[in-house]
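Asker:
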Amino acid sequence: MNTKIHTNSVAVVSGGARGIGFGCAMALAAKGFHLALVDLREEEVNETADKLRATGGSGGNFCC
259 MNTKIHTNSV AVVSGGARGI GFGCAMALAA KGFHLALVDL REEEVNETAD
309 KLRATGGSGG NFCC
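By my numbering, the letter at position 21 of the sequence shown is numbered 279, and the numbering carries on one by one without gaps.
1. Quick one: Cα of T313 to Cα of A287, how far?
2. Would DSSP call L298 helix, strand or coil?
3. Excluding the 5 residues flanking E302 on each side, which residues of the same chain have their C-beta closer than 7 Å to its C-beta?
4. For G315, report the span of its alpha helix (DSSP H) as first-last.
5. Classify L293: buried if its beta carbon has 16 or more other beta carbons within 10 angstroms, exposed otherwise.
The following block contains the structure:
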């Protein structure tokens, strides 16, 4: 059974570097979403994006 049911969907996760945002990003990536991670902490959002890519996730990360 394919658990990645949202392979053509994009999710924007604000505050995705840590905490609830990080947890949501990991859960969405596991379902196949492409992610746009947004956070104020550039180094942390970059690290989170690297972790997601290492587990098969895809998308971009943005600092604002």
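Note that the Cβ used here is the ideal one computed from N, Cα and C, for glycine as well. Every value quoted in this text rests on a predicted model; they were computed, and no experiment measured them.
Answerer: Straight from the coordinates:
1. Along the sequence shown, read from residue 1 onward, the residue named residue 313 stands at position 55. Along the sequence shown, read from residue 1 onward, the residue named residue 287 stands at position 29. If I take the Cα positions, the gap works out to 9 Å.
2. Reading the sequence shown from its first residue, position 40 is the one you call residue 298. DSSP places L298 in coil when its eight states are reduced to three.
3. In the sequence shown, the residue the question calls residue 302 occupies position 44. So the list reads A275, R276, once near-sequence residues are dropped.
4. In the sequence shown, the residue the question calls residue 315 occupies position 57. Unbroken run through G315: none, as it is neither H nor E.
5. The residue labelled residue 293 in the question sits at position 35 within the sequence shown. When all chains shown are included, L293 counts as buried.
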